[in-house]
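Student: Using the numbering used here, the letters of the sequence shown correspond one by one to residues 565 to 845.
The beta carbon of each residue, even a glycine, is placed where N, CA and C say it ideally should be.
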Amino acid sequence: MSFRQQTGRKGASRQFSKTSQDKKTKAKKQRQGAKYLQEETPQISPQEVAQRTLTSIERLGNQIFALSPFSSYYDDWLVNLRQILETFESNPAIQPDEQFQKTRTQIFLDVTDALAQSKLAESTLSEEAKALVDNNHQIAEADRAYAEKTRELSNQRNSEITRQTNQVRQLEEELDTQQSVKVKFYQFNEKKRAQEKLEQITKNLATAKNNSELTLQSFAAEQEKLHDNYEKHKQTLTEKSDQLHQELEKLETDTSISARQTACNALIAAINELIKQAPPP
């Protein structure tokens, strides 16, 4: 009985000793494996990390957005740029100092503000597109109104000239008739009345012809005035239309390119300055 208990304690001792030895062996192997892995995994230098980052930033700086509205791309572009910088700064090989962080923060503030201004300008251009449509409608309305007034004035002139022409022709006929009247020389009173009537008809004919001439001149002056007013009004509308067209051409051009390139170039310069302080690989 006593012999069996002693034997049991010796077995447990041998088992405990074996388990402890296994743990030590396993821990040793793990340390050796970690050391081997550390030796096999090359350490990336700050210069290599920076070069990868600079390549990504340069690609973003040269990015051209495909279609308008270009402002729809701004937010994603900023997110991509932030991710690149965050990846760079979080790398163990990089030690961003206070000056770098301050510079980087200011660059992002500047480009964010510039993109906000571009987005506002783009929304303004959309309003100008509506203004161009309205302006073109006014040009068409000016053409229609001028053509209608010209037609009315022409009808009035033709009607008045026809009336006066008929009056002149009637007086000319009366004059011819009066000139053909034969009065005997002893019919003195009749002759006097005939002469007076002839003179009056002649006077009326001259007045009618003069009025007809003045009417033509008056309508010509009115037509010229109508045309001048139309040309001035249309010139104003045309100049506004040209201006709106020039502004709307910006819808086909990404105005944020300059600001984005400036920001990326500034970040590249800041990273290069930071890497100068890093130890050589």
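Could you check what DSSP says for residue 726 in three-state terms: helix, strand or coil?
Tutor: Helix.
Student: Should residue 827 go down as buried or exposed, given a rule of 16 or more other Cβ atoms within 10 Å for buried?
Tutor: Burial call: buried.
Student: In whole angstroms, what separates the C-alpha of residue 614 from that of residue 840?
Tutor: The alpha-carbon atoms of residue 614 and residue 840 are separated by roughly 11 Å.
Student: Quick check: the Cα distance between residue 605 and residue 648, rounded to an integer number of angstroms?
Tutor: Only weak support exists for where residue 605 lies, its pLDDT of 42 falling under 50; the value from the coordinates is given anyway. Taking the straight line joining both Cα atoms gives about 23 Å.
Student: Report yes if the CB atom of residue 798 is closer than 8 Å to the CB atom of residue 725, and no otherwise.
Tutor: No.
Student: Pick helix, strand or coil for residue 660, following the three-state DSSP scheme.
Tutor: Coil, per DSSP.
Student: Which of helix, strand or coil does DSSP assign to residue 759?
Tutor: Correct three-state label for residue 759: helix.
Student: Note down the Cα distance separating residue 713 from residue 722, rounded to an integer number of angstroms.
Tutor: Their backbone Cα atoms lie some 14 Å apart in a straight line.
Student: Have a look at 730, 735, 695 and 782 and flag the residue whose alpha-carbon is nearest the alpha-carbon of residue 805.
Tutor: Residue 805 has its Cα closest to that of 695, out of 730, 735, 695 and 782.
Student: Whole angstroms are fine: how far does the CA of residue 818 sit from the CA of residue 657?
Tutor: Those two C-alpha atoms are separated by around 37 Å.
Student: Considering only residues of the same chain and omitting the five flanking positions on each side of residue 678, which have a CB-CB separation below 6 Å?
Tutor: Closer than 6 Å at Cβ, skipping near neighbours: 823.
Student: Is the distance from the Cβ of residue 832 to the Cβ of residue 618 below 8 Å?
Tutor: Cβ atoms of residue 832 and residue 618: closer than 8 Å.
Student: Among 715, 693 and 638, which one has its Cα closest to the Cα of residue 791?
Tutor: The shortest Cα separation from residue 791 among 715, 693 and 638 belongs to 715.
Student: My output table needs one value for residue 629: the three-state DSSP class, helix, strand or coil.
Tutor: Note: residue 629 maps to coil in three-state DSSP.
Student: Given residue 809, which residues of its chain have a CB within under 8 Å of its CB, disregarding the five upstream and five downstream residues?
Tutor: Cβ neighbours of residue 809 beyond the five flanking positions: 696.
Student: Compute the Euclidean distance between the alpha carbons of residue 568 and residue 607, then round it to the nearest angstrom.
Tutor: In this prediction, residue 568 scores a pLDDT of 44, lower than 50, which makes its location untrustworthy; the coordinate-derived value is nonetheless stated afterwards. Going by the C-alpha atoms only, they are around 60 Å apart.
Student: Residue 655 by DSSP, collapsed to three states: which one?
Tutor: If DSSP states are grouped into helix, strand and coil, residue 655 belongs with coil.
Student: Should the region 725–744 be regarded as contacting the region 753–773, the criterion being three or more beta carbon pairs within less than 8 Å?
Tutor: The answer is yes - the region 753–773 touches the region 725–744, with three or more Cβ pairs under 8 Å.
Student: Using the Cα positions of residue 687 and residue 681, report the straight-line distance between them to the nearest angstrom.
Tutor: If I take the Cα positions, the gap works out to 10 Å.
Student: Can you check whether the CB of residue 685 is closer than 8 Å to the CB of residue 794?
Tutor: In this structure, residue 685 does not lie closer than 8 Å to residue 794 by Cβ.
Student: Only counting the same chain, and skipping five residues up and downstream in sequence, which positions put a Cβ closer than 6 Å to that of residue 731?
Tutor: Only 772 meet the Cβ criterion.
Student: Is residue 664 closer than 8 Å to residue 834 when the C-beta atoms are compared?
Tutor: Yes; because the gap between Cβ atoms is below 8 Å, this pair is in contact.
Student: State the Cα-Cα distance for the pair residue 693 and residue 635, rounded to the nearest angstrom.
Tutor: Near 17 Å, if we compare the C-alpha coordinates of residue 635 and residue 693.
Student: Quick one: residues in its chain with C-beta nearer than 7 Å to the C-beta of residue 610, no 5 flanking neighbours on either side, listed in chain order?
Tutor: Answer for residue 610: 657, 658, 839 and 842, listed in chain order.
Student: Have a look at residue 778 and residue 796 and give me their C-alpha separation to the nearest angstrom.
Tutor: In a straight line, the C-alpha of residue 778 is about 27 Å away from that of residue 796.
Student: When you compare each of 735, 710, 671 and 637 to residue 786 by their alpha carbons, which one comes out closest?
Tutor: Ranking 735, 710, 671 and 637 by Cα distance to residue 786 puts 710 first.
Student: Among 662, 638, 761 and 633, which residue has its Cα nearest to the Cα of residue 847?
Tutor: The structure shown does not extend to residue 847, since the chain is modelled only from 565 to 845, so the question has no answer here.
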